[in-house]
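Novice: Numbered by my numbering, the letters in the sequence shown go through residues 30 to 115 in order.
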Amino acid sequence: MELDVAEMQSVIRRLNRARGQLGGIVKMIEEGRDCRDIVTQLAAVSKAVDRAGFAVIATGLKECITNPNGEEMDISDMEKLFLSLA
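1. Would you report the Cα separation of residue 78 and residue 43, rounded to the nearest angstrom?
2. Let me know the alpha helix (DSSP H) ranges lying completely inside the stretch 47-109, each 4 residues or longer, listed in chain order.
3. Given 8 Å as the limit, is there contact between the stretch 104-112 and the stretch 56-75, that is, 3 or more CB pairs closer than that?
4. Are the CB atoms of residue 40 and residue 74 within a distance shorter than 8 Å?
5. Could you work out which residue in 62, 87, 114 is closest to residue 76 when comparing CA atoms only?
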């Protein structure tokens, strides 16, 4: 199933912010910053990426529900995708 790029704009923005955060984390490590600060930032970027993944799956589910005549949804595959983020 292909996702609508327009609907994915919030996911793209979230992932671009996460990319910037990762760059900041690398810089923090290179500068020898405090471990707690680094771990805090890692947790934040991890949460952002997780939320992006859930948003992608939610958009896919919505597409399957609103367009039932399209490609058949494989429930097992959707479960695997969802659980891969857990």
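Just so it is clear, CB atoms sit at the ideal spot from N, CA and C, and this is done for glycine as well.
Specialist: In brief:
1. Linking residue 78 to residue 43 through their CA atoms gives a straight-line distance of about 8 Å.
2. For the stretch 47-109, whole alpha helix (DSSP H) runs of length 4 or above, ordered along the chain, are 64-95.
3. Judged by Cβ distances under 8 Å, the stretch 104-112 makes no contact with the stretch 56-75, as fewer than three pairs qualify.
4. A distance of 8 Å or more separates the beta carbons of residue 74 and residue 40.
5. Of 62, 87, 114, the smallest CA-CA separation from residue 76 is found for 114.
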